[in-house]
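Those letters in the sequence shown? Residues 0 to 419, per numbering that gives the first Met the number 0, in order.
Positions of the beta carbon are idealized from the N, C-alpha and C atoms, including for glycine.
Here the structure comes first, spelled out in structure tokens, and everything after it is commentary.
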Amino acid sequence: MAVKIVVGAQWGDEGKGKVTDKLAETADYVVRFSGGNNAGHTVIVEDDKYELHLIPSSILYPNKKSVIGNGVVIDPLALISEMEGLKERGLSFDNFYISEQAHVVMPYHKEFDGLEEKRKGDNKIGTTKKGIGPAYTDKVARRGIRVCDLINEDKFKKKLDNVLEYKNLILDKVYNEKKLSYENILEQYLKAAEILKPYVTDTSKLLDEAYKNDKNIFFEGAQGTLLDIDYGSYPYVTSSNPTAGGVCTGSGFGPTRIDDIIGVAKAYLTRVGAGPFPTELFNEMGTFLQEKGHEYGVTTGRARRCGWLDLPLLKYAVRVNGLTELVLTKVDVLSGLEEIKVCTSYKGDSCNISQAGLQGDNEPIYEIYPGWNKDIKGIQDFNKLPSEAQKFINMIEKEIEIPITVIGTGPEREDAIIRK
Ligand code: IMP
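Below, the structure is given as structure tokens:
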């Protein structure tokens, strides 16, 4: 039996999809604990490509249990559409569970997400506009609607009536926008509730029973450490805790039961949306990484900003998550470069290195490593990597002081060097 967590160690999009899919092979339960359909995981199985947003990657395996924990915010319409798409491709939902305590993304959340971004103008966050921030805001403000409310018609009617009156006042008086119709939302959401009801349960209890029955449980992170509401580049962050600590509050599973916390980082760095990014490349090197790494968002299709690996930020991610091992992805993207730069510290900042990186106030200091010409796509043996690639990986491992156990060498399931 093992309990493992996988979290993004950068600004999301580190290639967690492939890692979680691989780990899902040995897991009995795979659990999402934070975020919503702002996330996007791409999993390639043979010739089939799956893009998952809310549904755990274990759905690709019929006998594994896929769980959406209470820390996730669920857009019922988006979830149903994702489920339908997967059902059409022959996948089963017999082992799918949704927490009754998860909060629901409502139409006004999506509306406010867009309106606030517009109002902020140049200072916008660059959100996915899926209503995630406003849904978490309502959760904390104690006016959220939970899944257990959604599936209870009387409760839902009362809660919606109450909260919509308030939301419509803001739409009308603050934003000068059209009010939303109670009847339309009620009709859409009650229909959705009927579809989702069979999957709703006490998922904390489900996981407790799984643990007591020696099952392998695996928590699948979304987004990344540097987007965390507490530890990320605030305010340019998402509104949840995608870090390892979020697992416990986001699933009702206690910290003493966790064995392993796996971080995932790219061999370079990307981010979507606005916010600081000290090692960002604005030249042809940035375009090279973007094109060779296919750096376009799964959820929004936006081009990702690209830059060099930032070691102070990676060390920060090791610290705030308590990572026990690292998966280094997309090393193959760097093949063909004459030299590879890595940020090792920041100018004028000797004491508070991670904050300098998070706020983008200080210029990065780089060390330069020789690149390699050989195409390493699909290599599975560390010793078959060019010596420059080996040195580059060993250097990172030494700096972060935890083992790099998996090295990604391409997009397919089997394109990886497993070192454990
Ligand atoms: P939100 O989560 O839609 O509110 O967006 C807040 C910030 O997080 C924006 O910069 C988004 O681009 C970023 N973000 C949210 N989800 C993801 C993700 O899955 N991958 C990468 N960035 C994300």
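Do residue i and residue j have their C-beta atoms closer together than 8 Å?
{"i": "Tyr181", "j": "Leu114", "result": "no"}
{"i": "Lys86", "j": "Arg412", "result": "no"}
{"i": "Phe95", "j": "Phe218", "result": "no"}
{"i": "Gly251", "j": "Gln9", "result": "no"}
{"i": "Ile144", "j": "Gly35", "result": "no"}
{"i": "Ile58", "j": "Ser65", "result": "yes"}
{"i": "Tyr188", "j": "Leu149", "result": "yes"}
{"i": "Gly70", "j": "Gly245", "result": "yes"}
{"i": "Ile392", "j": "Leu327", "result": "yes"}
{"i": "Tyr230", "j": "Val139", "result": "no"}
{"i": "Pro277", "j": "Tyr345", "result": "yes"}
{"i": "Ala26", "j": "Asn215", "result": "yes"}
{"i": "Glu13", "j": "Ile54", "result": "no"}
{"i": "Gly430", "j": "Val263", "result": "No answer is possible for residue 430: it lies beyond the span of the chain, which begins at 0 and ends at 419."}
{"i": "Asn37", "j": "Thr242", "result": "no"}
{"i": "Arg270", "j": "Arg301", "result": "no"}
{"i": "Gly272", "j": "Ile124", "result": "yes"}
{"i": "Val2", "j": "Leu22", "result": "no"}
{"i": "Gly11", "j": "Gly249", "result": "no"}
{"i": "Leu280", "j": "Leu225", "result": "no"}
{"i": "Ser334", "j": "Thr202", "result": "no"}
{"i": "Ala209", "j": "Val146", "result": "no"}
{"i": "Thr343", "j": "Glu366", "result": "yes"}
{"i": "Leu268", "j": "Gly220", "result": "no"}
List the DSSP bridge partners of residue i.
{"i": "Pro369", "result": "Glu338"}
{"i": "Tyr96", "result": "Val66"}
{"i": "Pro363", "result": "Tyr345"}
{"i": "Thr298", "result": "Thr298 pairs with nothing; no bridge assigned."}
{"i": "Glu44", "result": "Reading off the sequence shown, one finds Val at residue 44, where the question assumed Glu. DSSP lists Asp47 as partners of Val44."}
{"i": "His102", "result": "Val72 and Arg145"}
{"i": "Leu268", "result": "Gly306"}
{"i": "Thr278", "result": "According to DSSP, which records beta bridges pairwise, Thr278 is partnered with nothing at all."}
{"i": "Arg31", "result": "Ile67 and Glu219"}
{"i": "Leu206", "result": "For Leu206, which the question treats as bridged, DSSP gives no partner whatsoever."}
{"i": "Val2", "result": "Ile216"}
For residue i, name the three-state secondary structure that DSSP assigns.
{"i": "Pro450", "result": "Outside the shown range of the chain, which is 0 to 419, sits residue 450, and nothing can be said about it."}
{"i": "Glu193", "result": "helix"}
{"i": "Gly423", "result": "Past the edges of the chain, shown from 0 to 419, lies residue 423, and the structure says nothing about it."}
{"i": "Thr200", "result": "strand"}
{"i": "Glu164", "result": "helix"}
{"i": "Thr224", "result": "helix"}
{"i": "Tyr235", "result": "coil"}
{"i": "Leu53", "result": "coil"}
{"i": "Asp309", "result": "strand"}
{"i": "Asp229", "result": "coil"}
{"i": "Tyr60", "result": "coil"}
{"i": "Lys172", "result": "helix"}
{"i": "Asp414", "result": "coil"}
{"i": "Glu219", "result": "strand"}
{"i": "Ile406", "result": "strand"}
{"i": "Ile392", "result": "helix"}
{"i": "Glu400", "result": "coil"}
{"i": "Asp259", "result": "strand"}
{"i": "Gly7", "result": "strand"}
{"i": "Glu13", "result": "coil"}
{"i": "Leu325", "result": "strand"}
{"i": "Arg318", "result": "helix"}
{"i": "Ile378", "result": "coil"}
{"i": "Glu290", "result": "helix"}
{"i": "Thr19", "result": "helix"}
{"i": "Leu419", "result": "Residue identity differs from the one stated: residue 419 is Lys in this sequence, not Leu. Residue state, collapsed to three classes: coil."}
{"i": "Ser91", "result": "coil"}
{"i": "Ala273", "result": "coil"}
{"i": "Gly84", "result": "helix"}
{"i": "Glu182", "result": "helix"}
{"i": "Thr127", "result": "coil"}
{"i": "Gly39", "result": "coil"}
Closer than 8 Å, CB to CB, is residue i near chain B or not?
{"i": "Ile406", "result": "Looking for chain B here will not work: only one protein chain is present."}
| field | Inter-stretch contact at 8 Å, needing at least 3 Cβ pairs: the segment 28 to 46 / the segment 327 to 345 | value | no
| Does the segment 254 to 263 come within contact of the segment 36 to 56, defined as at least 3 CB pairs closer than 8 Å? | no
| query | Does the segment 290 to 299 come close enough to the segment 370 to 379 to have 3 or more Cβ pairs within less than 8 Å? | reply | no
| request: Kindly confirm or deny that the segment 284 to 293 and the segment 102 to 120 touch, where touching means at least three C-beta pairs closer than 8 Å. | output: no
| task | Report yes or no: do the segment 74 to 83 and the segment 152 to 172 share at least 3 C-beta pairs separated by less than 8 Å? | result | no
| Do the segment 150 to 161 and the segment 112 to 126 make contact, defined as three or more Cβ pairs closer than 8 Å? | no
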